[in-house]
Each structure stands twice: as C-alpha cells, then as structure tokens.
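So the protein lines, in turn, are chains A and V.
Oh and the first sequence: position 14 is 9 in the working numbering, straight run, nothing missing.
Oh and the second sequence: position 36 is 31 in the working numbering, straight run, nothing missing.
Number of protein chains: 2
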Amino acid sequence: MVRTRAFDPSEALSRAVELFSSRGYSETSMDDLVKATGVSRYGLYGTFGNKQELFEQALERYADRMGRRSFLRLLEPDASLVHIRAIFEERIQEMCSSGKNHGCMICHTAMELAPHDREIEGVLQRFMKRMSKAFAIGLESAKERGEVRASLDARAAGEFLTGALFGLAVLARSGFARDTLDSFVASTMSSLT
Amino acid sequence: MVRTRAFDPSEALSRAVELFSSRGYSETSMDDLVKATGVSRYGLYGTFGNKQELFEQALERYADRMGRRSFLRLLEPDASLVHIRAIFEERIQEMCSSGKNHGCMICHTAMELAPHDREIEGVLQRFMKRMSKAFAIGLESAKERGEVRASLDARAAGEFLTGALFGLAVLARSGFARDTLDSFVASTMSSLT
DNA sequence: GGAAAATCAGAATGATCGTTCTGAAAACAC
DNA sequence: GTGTTTTCAGAACGATCATTCTGATTTTCC
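This is how it looks when you write it as structure tokens:
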C-alpha cells in the first residue's frame, strides 16, 4: 500500500447511516453518498463493496449504536422504569430535534426492504428480539423494586415496548409535534404500572 | 368519444393500491403497474395523470377504505372495546394472511415520503388524526358501559392506539409470527382496562 | 529525485426509470 | 363499408441509477 487513503471509513459509514436513515435505501443514490461523505466512488466501492453491502454495514452500525447507547443499561441490575422511559425520550430527541429528517432506520428498513430481502429481514428480527429481551430484563428489574405491577408478563411487555417504539417512530416521521409524541410515551409507560 | 376504454379505472386503482402497499412508491415502477393492472401506459397516464398522482389517488383510496371498513363503526353509539380490538385483528389478518407482502400503506408512506413531501405529510397527518379521534370516540362509548377504567384519558388513549397500530404494522412487515402480533395486541388492549 | 503502487475525480457504460410518441386497431355515426 | 376519433401496444426519449474504467495525482521507498 503506497498512497494513503484520504478518508476515515468509520466516519464515512456514519455519514452513510445519516443518509440512509433520512431517505432509506432506494432514495439514496451513490452520488448522494459520494457528496455527503466526500469519499470518491473508488473509495466507497473499494472499502464497502457495493451499495447493498454499504447499506447492510450502515444498518448494522445503526443497530449496534442504538443497542449500546440505549439498551445495554437495561441489562444492569439497577435497571428501572426510568431507564426504559429514557429510551423513548432519547428516540424522540434523536428523531425530532437534530436536523429534522432523521427517521428510524430500523423501522424504515423494515417497511422498505424486509419482505423482499431475507437477509435484511433476519437482521431486523434478530435486533428486534434483542430489544424485546432487553426491555423484558429491564422490566424484571423494575418489577423487583416494585415499579411495575407484579402481574405484568415481562416477556410480552418487552415485545409490546419494542412495537411501541416503532409506532413512535412512525408518528415522528409523519411530522407530529413533540407533545403528541410525549403523550404517546406517557400512555405507553402508564400501561406498565 | 369513439373507441371505448378497455379497463375499469376503479379496478385498476385497486391493483395499484396492492402494488404500492406491497412495495412502496419508489420500488413500484410504471412498468410494474402496467403489467399488474393490464392497462396500457396510455390509459394509466390518461386516467390518473402521472405516477405521483396515481400514488396519491391510491393512498386516498387505501385510507378511505380503511376508514370505512374499520373506523366508521367506532362512531356508532354502541361502539365497544370489541370493535377496537377488531380493528387490530383485521389489520393482522390483512397484513399477514393474504399473499404475504402486504404492508400498511399509511405506515410505509410515512417512512418513505412524509418528510420529503409536504402534501403527502398533510394527507397522512389528517388521516392519523381521524383515526385517533375515532378511537377516542369509541373509547368514550366503551367507558360509558364500564369497559375501560373511568380514569382513562380517551383522547390520549386514542393517539396511543393509533401509534400502536403502526407499531403492529412494523412488526408484521418484519415478518414476526402471528402469535407475536396477537400478543402485542393483547398488551395494547390490556392497557385500556 | 524517480519509480512503483494505490487513490483520486470524473468520464464512460449499460440498465432502468418516468414519460411521450407513433402507427395499428377498435368502435361508433352515417 | 367508410371516415373519424379514441385507445391500444410498444417503441423511443432523456434522465438517472449502480457500477466500472481511466488518466492524473499522491505517497512511500529507495
């Protein structure tokens, strides 16, 4: 290797995540990616393969970051309802404030590609199941400290929260005001107690 | 007018709804529409204008049919929790059984187009608000007959149910099994009582 | 400084897109 | 049957897409 690469692949992938999150797979062109990342076509193809592989890596990055930022803390023994609520509030923050076009990449990908791409469908399902499980574990912790009713089926409620998080994403993407989203979260949370 | 039109515009629109529901706007080409409807390009453009206008009419048809089929009954004085639950179950039926690629066109359109098309965003928001209002009215009826707790804020719960319906659509589109969807609906419904 | 190797920016390519155009076919009036 | 008008099927068009190719540029090694 002689000439050094003029870009940081990790940073380029972050930009790709932003673009794909905002516009989805089909509506994001390689030209858009070249412009947004500042990386040459040569660099993009050489580093990430092709558009589909770049998208898959972006999706993985997105899911991974979301897992680390939001769901990891639910696995700790002191997890409580506050942490669960925080996940919803962080999502609102992420989807509403910065810029305005940011949607939920998981949700968008599910609608756009899941039924027509087995591999993507698998990735999404695995991630969603992990989300549900993390919610369930957090709910068990919350149950132990009496924050949720003892009769609550943590596993079912975990799946419910995962679905609710996507419902929230659709409402946000549709442009509903923040107080509508806050109200949705309040209703969701109150169903646990 | 001399030669008569060889197709039924209403039926052609129904086919367009199916296609757009399954694949969304960008992933459905005019060629696909020509093949699926059996209508010539000439007929499609002459009757519906262009792709975008055809899509808008398909969206309107979809929303209208969904309103008539599912939400109208909530406005009647005998509306109850059964009718609300039926809406969720009908959606599961529609999204899971027939064929398998049918997603929720409202939900899909929200993710794909809403932030980049003001008009579409408006259509979606108006429809979602009508959904929420219908849910709220149904909940008031249910409250009168003691099916839901008196403390329930019907307006907030209406918005919550609308969001939950989209969350359900995302889960369905991701290929989750029917019992997962049923469980999600059960959790959603139990939050009302 | 000069050769070698990798990257760059952007042109080229072939496919597909939405849309328009065209000649043949069909349906009605007479 | 003939003429007129509309629809039809599909070719044609220009734009855009993902991808590949190319000649110039940059960097390291010697």
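The C-beta atom is built at its ideal place from N, Cα and C for all residues, glycine as well.
In this text, all values refer to a predicted model and were calculated from it rather than measured experimentally.
Residue environment analysis places ARG86 (chain A) among the buried positions, since at least 16 neighbouring C-beta atoms fall within 10 angstroms of its C-beta. Ranked by how close their Cα comes to the Cα of GLN47 (chain A), the residues A:SER75, A:ALA74, A:LEU76 and A:VAL12 have A:VAL12 in first place. 8 Å or more divides the Cβ of GLY158 (chain V) from the Cβ of GLY141 (chain A). Legend: CB atoms of the region 173 to 187 of chain V lying less than 8 Å from CB atoms of chain A belong to residues THR175, SER178, PHE179, ALA181, SER182, THR183, SER185 and SER186. Within the region 96 to 121 of chain A, ASN96, GLY98, CYS102, HIS103, ALA105, MET106, GLU107, ALA109, PRO110, GLU116, LEU119 and GLN120 place their CB atoms closer than 7 Å to a CB of chain V, listed in sequence order. DSSP places HIS103 (chain V) in the uninterrupted alpha helix (DSSP H) bounded by 100 to 107. Not a single CB atom of chain V sits nearer than 8 Å to the CB of VAL143 (chain A). At a C-beta separation below 8 Å, PHE15 (chain A) has no neighbours in chain V, since its nearest C-beta there lies roughly 12 Å away. Nearest CB-CB separation between GLY133 (chain A) and chain V: not below the 8 Å threshold. With contacts defined as CB atoms closer than 8 Å, LEU69 (chain V) and PHE155 (chain V) fail to qualify as a contacting pair. With a threshold of 8 Å between beta carbons, LEU166 (chain V) makes contact with chain A. Under the Cβ criterion (8 Å, minimum of three pairs), the region 95 to 104 of chain V counts as touching the region 105 to 119 of chain A. Contact between LEU176 (chain V) and LEU166 (chain V) holds, with the beta-carbon distance rounding to 6 Å and staying under 8 Å. Judged by DSSP in its simplified three-state form, ARG121 (chain V) adopts helix. Measuring C-alpha to C-alpha distances from ASP174 (chain A) to each of A:CYS91, A:ARG150, A:LEU147 and A:ILE79 identifies A:CYS91 as the nearest.
Per DSSP, the continuous alpha helix (DSSP H) segment holding ASP174 (chain V) begins and ends at 173 to 185. Taking all protein chains shown into account, TYR37 (chain A) has fewer than 16 neighbouring C-beta atoms within 10 Å of its C-beta and is therefore exposed. For the region 38 to 62 of chain A, there are no residues whose beta carbon sits under 7 Å from a beta carbon of chain V.
Looking at A:GLY153, A:SER169 and A:GLY98, the one whose alpha-carbon comes closest to that of GLU116 (chain V) is A:SER169. Of the other Cβ atoms in all chains shown, 16 or more fall within 10 Å of the Cβ of PRO110 (chain A); this residue is therefore buried. Your pair LEU8 (chain A) and ALA53 (chain A) checks out as a contact, with CB atoms roughly 6 Å apart and the cut at 8 Å. Remark: C-beta atoms of HIS97 (chain V) and SER16 (chain V) approach each other more closely than 8 Å. Interface criterion met: the Cβ of SER21 (chain A) is under 8 Å from a Cβ in chain V. Remark: C-beta atoms of LEU187 (chain V) and LEU76 (chain V) approach each other more closely than 8 Å.
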